[in-house]
Amino acid sequence: MTSDGDTVLSLGMHPSAIDFSRYPGITEQMLAERIEAGEQALRDAGFDIVPCRLMSADPDDGEQRIRACLAEHDVTVVVIGAGLRMAEEHTLLFERAVNLLVERVPGIRFCFNTSPDTTIDALRRWARPRSGAAT
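The opening residue of the sequence shown carries number 3 in this note's numbering; numbering runs sequentially from there.
1) So Asp8 packs on Thr78, CB below 8 Å; how close in whole Å?
2) Counting pairs of beta carbons, one from the stretch 23 to 40 and one from the stretch 95 to 112, are three or more of them closer than 8 Å?
3) Counting pairs of beta carbons, one from the stretch 28 to 36 and one from the stretch 91 to 100, are three or more of them closer than 8 Å?
4) Beta carbon of Leu56, beta carbon of Arg69: below 9 Å?
5) My output table needs one value for Gly85: the three-state DSSP class, helix, strand or coil.
6) Alpha carbon to alpha carbon, how far is Val81 from Asp6?
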């Protein structure tokens, strides 16, 4: 946690791990740009963001990556992206991520977006930006 705001784990699939056949008109590059723009908007709004992009859908790899992110940062809130939450093939990975976060970060608050563009709205429901930051 920053001196006066929450540190937010931004958890989701890396754009290279997404099956774009189910998202006509969206490419890996477009998604990567939207994620980066969304995270920059969050920083500009005063949120302390820790990106954690899962490179594969393998639950063991995902859990290892999440553990590494948690070992490096004290987080109080997590926003879990739609690519991880909503794709049926990622159900086990999503389930393990949630259970790991509950175990490792007691009291963690969960936020859910529908796209990179709605992340700021999700965070505003549950996270505190640094004081004096534009919200």
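Cβ coordinates follow ideal geometry from the N, Cα and C atoms, glycine included.
On the basis of the data shown:
1) Stepping through the sequence shown from its first residue, residue 8 is reached at position 6. Stepping through the sequence shown from its first residue, residue 78 is reached at position 76. So it is a contact: roughly 5 Å between Cβ atoms.
2) Between the stretch 23 to 40 and the stretch 95 to 112 there are fewer than three inter-stretch CB-CB distances shorter than 8 Å, so the stretches are not counted as touching.
3) No: fewer than three Cβ pairs fall under 8 Å.
4) Numbered from 1 along the sequence shown, position 54 holds the residue referred to as residue 56. Numbered from 1 along the sequence shown, position 67 holds the residue referred to as residue 69. No, the pair does not count as a contact, with Cβ atoms beyond the cut-off.
5) Mapped onto the sequence shown, residue 85 falls at position 83. Three-state result, Gly85: helix.
6) Numbered from its first residue, the sequence shown carries residue 81 at position 79. Numbered from its first residue, the sequence shown carries residue 6 at position 4. Val81 and Asp6: Cα-Cα distance of roughly 19 Å.
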